[in-house]
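Residue 1 is where the sequence shown starts when you use our numbering, and the numbers rise one by one after that.
We put the CB at the ideal spot given by N, CA and C, even for glycine.
Quick notes on the structure that follows.
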Amino acid sequence: MKEIVLSHDEIVQICTRLAKELEERFKNSNTIPVFVGVLKGACPFFMELIKHYSLPMKTDFIQVSSYDGTSSTGVIHLKQDISIDIRNKDVVLIEDIIDTGLTLSYLKQYIEIKYNPKSVTVVTLIDKKPLRRVDFKCDHVGVTLNENKFLVGFGFDYKEVLRNVDYVYVPSKKEIAELDKLISKDSKM
Ligand code: 5GP
């Protein structure tokens, strides 16, 4: 039996709620908010969330990397920047998970300093508390996790695999060992 942390139905319910919270936040705004997804992990969450948001919005993406296998390296590299003009705009930064907090605090600061937007609102599907290294508060949180579990599915990968599963779960040691074999074989092809 898989240890499921969020079923697909739960994810849809969370996205519906978060979209309504964001509508409340921006319903009286005189500018169009730009939703910026953090590649690659936040993609499924981003797509599900915007389906339930009914006001005008724009989309963009930014890419960083900090994870190596199953743990954060703590060093963040910007791999791809946003492409549309967000000066004086409301930015909604959408991430799959906050763990140490380093990625989101880096990204928020980077966007604020480089682009001087009107505001930056941070949304995360999962707030994983135990390994927090910087005091960073997300404005909208899907669920809080108080245990340090390594998650896969719905955007969360193990060595780039398993992002396409439509729910979030904790992989077993056996599954990881089997994947390691497959990945190693694949890399030699
Ligand atoms: P932070 O910088 O807050 O430590 O980590 C944020 C990034 O770490 C996320 O975007 C995600 O890529 C990765 N991450 C954190 N926890 C997990 C996890 O449980 N599973 C996977 N696959 N990635 C995670």
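Checklist entry - Does the beta carbon of leucine 151 fall short of 7 Å from some heavy atom of the ligand ZN? => result Inclusion of the ligand ZN in the displayed structure is not the case, the ligand content consisting of the ligand 5GP alone.
Item to check | CB contact flag (lysine 89, threonine 31, <8 Å) | outcome: yes
Item to check | Nearest candidate by alpha-carbon position, reference aspartate 60, set Lys79, Gly37, Tyr158, Tyr169 | outcome: Gly37
Checklist entry - In its own chain, which residues sit with a C-beta less than 7 Å from the C-beta of isoleucine 76, not counting the 5 before and 5 after it? => result Val64, Ser66, Leu102, Thr103, Tyr106
Next on the checklist: Classify threonine 144: buried if its beta carbon has 16 or more other beta carbons within 10 angstroms, exposed otherwise.
Outcome noted: exposed
Checklist entry - At a cut of 8 Å, does the stretch 162-177 reach the stretch 15-31 through at least three beta carbon pairs? => result no
Item to check | For phenylalanine 136 and aspartate 99, the rounded distance between their alpha carbons | outcome: 10 Å
Item to check | Beta-carbon gap between leucine 55 and phenylalanine 35 smaller than 8 Å | outcome: no
Item to check | Whole-Å CB distance - tyrosine 167 paired with leucine 6, under 8 Å assumed | outcome: 6 Å
Checklist entry - Assuming glycine 41 contacts phenylalanine 156 under a Cβ cut-off of 8 Å, what Cβ separation, rounded to an integer in Å, is found between them? => result 6 Å
Checklist entry - Sorry if obvious, but does the Cβ on phenylalanine 154 come closer than 7 Å to a heavy atom of the ligand 5GP? => result no
Next on the checklist: Closest to isoleucine 84 by C-alpha separation, out of Ile97, Lys188, Glu95, Met57, would be which residue?
Outcome noted: Met57
Checklist entry - Is the beta carbon of phenylalanine 46 sitting closer than 8 Å to the one on isoleucine 111? => result no
Checklist entry - In angstroms, rounded to a whole number, what distance separates the CA positions of isoleucine 82 and leucine 125? => result 21 Å
Checklist entry - Quick one: Cα of leucine 179 to Cα of glutamate 24, how far? => result 43 Å
Next on the checklist: The alpha helix (DSSP H) that contains threonine 103, what's its start and end?
Outcome noted: 102-115
Next on the checklist: Could you compute how far the alpha carbon of tyrosine 117 sits from the alpha carbon of asparagine 164?
Outcome noted: Per the sequence shown, the amino acid found at residue 117 is proline instead of tyrosine. If I take the Cα positions, the gap works out to 33 Å.
Checklist entry - Does the Cβ-Cβ distance between isoleucine 14 and glycine 153 come in under 8 Å? => result no
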